[in-house]
Amino acid sequence: MTTIDSNVTQIEHHGPSPDSIGAILVAAGKLNPRDTARVMELQQREGWRFGEAALRLKLINERDLVSALNKQYDLPELLPDNDGASAELVTAYQQFHPRTEELRALRTQLLIRWFKRPETHQHVLAIVSPNGGEGRSYVAANLAVLFSQLGERTLLIDADLRNPRQHRIFNVPDRIGLAAVLAGRAGLDAAVAIPGFHNLMLLPAGAPPPNPLELLSRPALPTVFTSYLDDFDVILVDTAPALRYSDAQAVGFRAGSAVVLARKDQTRLADTHRVVRDLGNSGTRVVGTVINNC
Ligand SMILES: Nc1ncnc2c1ncn2[C@@H]1O[C@H](COP(=O)(O)OP(=O)(O)OP(=O)(O)O)[C@@H](O)[C@H]1O
Ligand SMILES: [Mg+2]
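In short: position in the sequence shown from 1, add 940, done, that's the working numbering.
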């Protein structure tokens, strides 16, 4: 998976820091006091979280960080299917899988080009692609896991009201979700915690409504985003195919930012360009275009 965007510029100060992750890493012999001081220096200078800063200095690897998080929250190490979640969650189950590495690289790009950029007014990112089966749900789910692994309180919203899949990927009930919240029939507590995953919650799509585009175009959607941002550091939003329905345009506009996926040997370049152009025309910042190599 590669991004073909440019403009890496400065990194915004972000968030509170150090948590006891540092202490756990020291206790586990992963960091010595000198390294810890370097991490804290970078953390203070750039506003990264402790774990992120240690990763960037290559003092620990991702597995060290995930193990420390598990220890901190007393969670078991995850194994595929031991909690019913899909093995598609490579980032949770296969730390050293090449796809996990690619997705981590994408996360890094997003941290730099979107999450930490001063012009990012709200940390809501729509995952968009022109057609069906291009990997939006897969990438959205795995990115959500990766952001949560950094200690960011992460909410994944399934706004693909046509063909929702996140509830199956994470094995949670799908009766109540975004559709009900937008229709005023459910509250924000429709978002559910996912067993075995810390810092990560899912708002499923819910029962398919007859009028997805009308629901997603309501002023309720930005209100929902804003309200969740009181409790979450980052919101990722799965969407329906952008050339087939206008839903993704509506979501992208309200999210403010979008990343556009193109699947290798499948997505036509002209289709990708059209989606990028349409999003831009409707005022959505396209953070980058991602080639899903799989
Ligand atoms: N990078 C990848 N590595 C491995 N498998 C992938 C990858 N991207 C997508 N897939 C697989 O391809 C299939 C389609 O992906 P996914 O459901 O995420 O696409 P989508 O764009 O959300 O499709 P839909 O239009 O049906 O919502 C899934 O089985 C998914 O696991
Ligand atoms: Mg999908």
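The beta carbon of each residue, even a glycine, is placed where N, CA and C say it ideally should be.
In the structure shown, N1010 falls within a helical segment according to DSSP collapsed to helix, strand and coil.
T1031 sits away from V966, with the two beta carbons spaced by 9 Å or more. Between A1120 and A1130 the beta-carbon gap is near 6 Å, inside 8 Å, which marks them as a contact.
With a contact defined as Cβ atoms closer than 8 Å, S1197 and L1065 qualify at about 5 Å. DSSP places A1198 in the uninterrupted beta strand (DSSP E) bounded by 1197-1203. Counting every other CB atom within 10 Å of its CB across the protein chains shown gives R1184 a total below 16, marking it as exposed.
Ranking S1186, G1220, L1140 by CA distance to the CA of V1112 puts L1140 first.
The three-state reading of DSSP puts A1066 in strand, counting E and B together. Only residues of its own chain outside the window of five on either side were considered, and among them R1115, A1119 have a CB closer than 7 Å to the CB of A1147, listed in chain order. L1176 sits buried, since 16 or more C-beta atoms from the chains shown fall within 10 Å of its C-beta. A check of alpha carbon separations from G1072 across V1200, G962, F1110 identifies V1200 as the nearest. CA-CA distance, R1047 to E986, rounds to 17 Å.
According to DSSP, residue pairing for I1175 in a beta bridge involves V1064, L1095. Spatial neighbours of Q1035 in its own chain (CB-CB distance under 7 Å, excluding positions within 5 residues in sequence) are listed in chain order as E1002, R1003, V1006. By the neighbour-count criterion, in which a residue is buried when 16 or more other Cβ atoms sit within 10 angstroms of its Cβ, S1167 is exposed. Relative to the non-hydrogen atoms of ligand 2, the Cβ of S1077 comes within a distance shorter than 8 Å of at least one. Contact between the segment 1203-1216 and the segment 1087-1107 is absent, with fewer than three C-beta pairs closer than 8 Å. Across the set S1222, F1087, L1143, the C-alpha of F1087 shows the shortest separation from the C-alpha of V1174. In terms of Cβ geometry, G1091 and G991 form a close pair [threshold 9 Å]. At a threshold of 8 Å, N1103 counts as near ligand 2, since its beta carbon sits closer than that to one of the ligand's heavy atoms. With respect to the 9 Å criterion, L1153 and S1186 are classified as neighbours on the basis of their beta carbons. C-alpha of L1009 to C-alpha of A1195: approximately 29 Å in a straight line. G1228: member of the beta strand (DSSP E) spanning 1225-1232, first to last residue.
Taking 3 residues as the minimum length, the beta strand (DSSP E) runs contained wholly in the segment 1080-1148 are 1094-1098, 1140-1143, in order along the chain.
Secondary structure of D1170 (DSSP, three-state): coil.
Rounded to whole angstroms, the separation of the alpha carbons of R996 and H1138 is 22 Å. A1190 is the residue among A1145, Q1062, T1224, A1190 whose C-alpha sits nearest the C-alpha of R1158.
Distance from the CA of D1218 to the CA of N1082, rounded to the nearest whole angstrom, comes to 26 Å.
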